[in-house]
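Taking my numbering, the leading residue of the sequence shown gets 20, the next gets one more, and so forth.
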Amino acid sequence: MAWITANKDNVVIDATNEMIQILGCNPVDQPLDSLWTYHPPFSINISYITVTTHGTARTLSLCQHPQSEGNVLVCSDITELKTMHQQHQDASILRLSMYGTIEAVFPNQEFPLCTSWIGQPVMRYIHSDDVKRFCAGISRATRLSCLVQLNVQLEEGESFEWTLISVEDGKQLLCFIRTPSLSDNMYTTTDTSAYKIISQAQQKFWKVLENGLHWAAYHFAHSLLLLVEILCGKIRYEQELQYLIKKRPEIDLVCHWASYLGISQQTSKAWFDHCVDQTLDWLTQDKHDLIV
């Protein structure tokens, strides 16, 4: 474990080998401020420290433990996690009840949701022009157990993209709020295991947040968002694959030949589409069973 001990004057008096390796030098007898640059504090009390090691800036998550003669600082290298966060857009997260009441809030810097939203109906903050469409999106997400993305304007006039996904068997709704995209989308999949994974992940996320582990909740939030993005990509791939298979010219040719036998093209095409749907469902289920 990488940790460093400093006296009351914030001068290093001891460091582990892991810490020396991260810093690229022995920090003993050096002031703490000379070792790193502090990031601006986040609204949810997350502290980061940037450390230069071998000419490369490393991002550390710092946990301070006060002692009688100074402080022990336990450091975790989260450089790779920070890179992932930069690649995947940040988002605020809401947890709604099945009646649309805001039960929990996890804000980000771009959209600093006020904690006073908790206990209020989410419709209260939606612009009147978008309330009907937003209600329809919530209905689709809970009724069809699907993932819905739509751009919604708030009362203040600013628009955001809302990604809605039902969890806890439709008893709750998870909302990701971020910079708006170009269009609205609805993604539906028969693979319920993906929704179960997200449901389990969000349970752990809220539990960590409720226990006050803000630094861990921050990383859980990005992991949860990444899971949702992976699910969107998976569903899009399945839909595109199904479309391409059904549009093969060989199938159209067979349907055309069948018309000479008195079988309408629409009937034969519908039969082929049904077979393709059943085959894809079987392949998807078989793949899931192998993974499990």
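Positions of the beta carbon are idealized from the N, C-alpha and C atoms, including for glycine.
In DSSP terms, what S95 is bridged to: Beta-bridge pairing links S95 to S80.
Closest Cα partner of P85 within the set W55, N26 and I39: Residue N26 is the option with its Cα nearest to P85.
Beta-ladder partner(s) of F125, from DSSP: F125 is bridged to I112.
Cβ distance (whole Å) where A236 is taken to contact V247 below 8 Å: Not quite, the Cβ-Cβ distance comes to about 16 Å (not below 8 Å), so this is no contact.
Three-way DSSP call (helix, strand, coil) for Q191 in this model: Taken through DSSP and simplified to helix, strand or coil, Q191 comes out as strand.
Pairwise C-alpha distance: I41 and D96: Cα-Cα distance, rounded: 8 Å.
Status (buried if at least 16 other CB within 10 Å, exposed otherwise) for E180: Answer is buried; the Cβ neighbour count reaches 16.
Burial state of P126 (16 or more Cβ within 10 Å): Result: buried.
Under the three-state DSSP convention, the category I32 falls into: Of the three classes helix, strand and coil, the one that applies to I32 here is strand, per DSSP.
Three-way DSSP call (helix, strand, coil) for Q221 in this model: Of the three classes helix, strand and coil, the one that applies to Q221 here is helix, per DSSP.
DSSP bridge partner residues for L173 (one or two, in chain order): Its beta-bridge partners are I145.
G313 in three-state terms, based on DSSP: Only positions 20 to 311 of the chain appear in this structure, which leaves residue 313 out of reach.
Inter-residue spacing [alpha-carbon to alpha-carbon] between V31 and S116: Taking the straight line from one Cα to the other gives about 50 Å.
Bridge partners - R162, DSSP secondary structure assignment: Note: R162 is not bridge-paired with any residue in the DSSP secondary-structure output.
Per-residue burial, M20 [other beta carbons within 10 Å of its own, 16 or more giving buried]: Under this definition M20 is an exposed residue.
Beta-carbon contacts of S33 that lie in its chain and below 6 Å, excluding the five residues immediately before and after: At residue 33 the sequence reads Asp, which differs from the Ser that was named. Cβ neighbours of D33 beyond the five flanking positions: T24.
Residue closest to W136, alpha-carbon to alpha-carbon, out of D148, E122, A110 and L193: Checked all of D148, E122, A110 and L193; the closest Cα to W136 is E122.
Those residues which DSSP pairs with A21 across a bridge: Note: A21 sits in a beta bridge opposite C94.
Rounded separation between L163 and G119 - CA only: Computed Cα separation, rounded: 17 Å.
Three-state secondary structure (DSSP) of Q285: Reduced to three states, the DSSP call for Q285 is helix.
Minimum C-alpha distance to Q221 - residue among S80, L245 and T71: The residue with the shortest Cα to Cα distance from Q221 is L245.
Local conformation of I196 per DSSP, three classes: I196: strand per DSSP, three-state reduction.
As assigned by DSSP and simplified to three states, the class of Q86: Correct three-state label for Q86: strand.
CA-to-CA distance, L54 to M38, given in whole angstroms: Each residue's alpha carbon lies about 11 Å from the other.
Whole-number beta carbon distance between A110 and F224, since they are thought to touch under 8 Å: Cβ atoms of F224 and A110 stay farther apart than 8 Å, at about 12 Å.
Member of I216, P50 and T161 whose CA lies at the smallest distance from the CA of G89: Comparing Cα-Cα distances from G89 to each of I216, P50 and T161, the minimum goes to P50.
Counted within 10 angstroms of its Cβ, other Cβ atoms place G156 as buried (16 or more) or exposed: Taking all protein chains in view, the Cβ of G156 is crowded by 16 or more other Cβ atoms within 10 Å, so the residue is classified as buried.
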